[in-house]
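Asks:
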Amino acid sequence: MEILVKVKIYGFDSSLKYCMYCEMAKKLCTRKKIDFDFISVIKKADNKDGYELIPEIENELVKLLGKSELKGTTMPQIFVDGNHIGGCDDFKKFLS
């Protein structure tokens, strides 16, 4: 019997801001044949960084994390079946 889980990974789109841990989390899912949704928290912008936070996604993640803002929050932030697991290292431990 296959156990269906819903994995959501919130992180940086690596084409805009490379994030080793975001990439590792996605590769881990792929390697273990786990379906996942990757939600980028940033979008392309005409500023010195070349990207900015997506307000709707930022608000959604702030609410899910029970915080008042994302400032200081590391990426990725991973959820399994709606439960917050943490970052990439926490996700690795969760899967082992």
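Numbering of the sequence shown is given in my numbering, commencing with residue 1 and proceeding in unit increments. Where is the CB? At the ideal position from N, CA and C, for every residue including glycine. If you're wondering where the values come from, they're calculated on a predicted model, not measured in any experiment.
1) Using a 10 Å radius around the Cβ and a threshold of 16 neighbouring Cβ atoms, would you call K44 buried or exposed?
2) How about L70 and V62: do their beta carbons lie closer than 7 Å?
3) For N47, does the three-state DSSP call read helix, strand or coil?
4) What is the DSSP secondary structure of K8, reduced to helix, strand or coil?
5) Which residue marks the beginning of the beta strand (DSSP E) containing V41, and which one marks its end?
6) Measuring only the C-alpha atoms, how far is I34 from K27?
7) Give every residue of the same chain whose Cβ lies closer than 8 Å to the Cβ of M1, excluding the five residues on either side of it in the sequence, and list them in chain order.
8) Thinking C-beta only, is I57 closer than 7 Å to V41?
Replies: In short:
1) Along the sequence shown, read from residue 1 onward, the residue named residue 44 stands at position 44. So K44 ends up on the exposed side.
2) The count along the sequence shown starts at 1 and reaches residue 70 at position 70. The count along the sequence shown starts at 1 and reaches residue 62 at position 62. It is a contact, given that the beta carbons lie within the stated cut-off.
3) In the sequence shown, the residue the question calls residue 47 occupies position 47. Note: N47 maps to coil in three-state DSSP.
4) In the sequence shown, residue 8 corresponds to position 8, counting from 1. Strand at K8.
5) Reading the sequence shown from its first residue, position 41 is the one you call residue 41. Per DSSP, V41 belongs to no beta strand (DSSP E) and is neither H nor E.
6) Within the sequence shown, numbered from 1, the residue matching residue 34 stands at position 34. Within the sequence shown, numbered from 1, the residue matching residue 27 stands at position 27. Approximately 10 Å, taken between the alpha carbons.
7) As a position in the sequence shown, residue 1 is number 1, starting the count at 1. The predicted position of M1 is uncertain, since its pLDDT is 43 and thus under 50; a value taken from the coordinates is nonetheless stated next. If we look at M1 and ignore the five residues flanking it on each side, it has no Cβ neighbours.
8) Residue numbering aside, residue 41 sits at position 41 when the sequence shown is read from its first letter. Residue numbering aside, residue 57 sits at position 57 when the sequence shown is read from its first letter. Yes.
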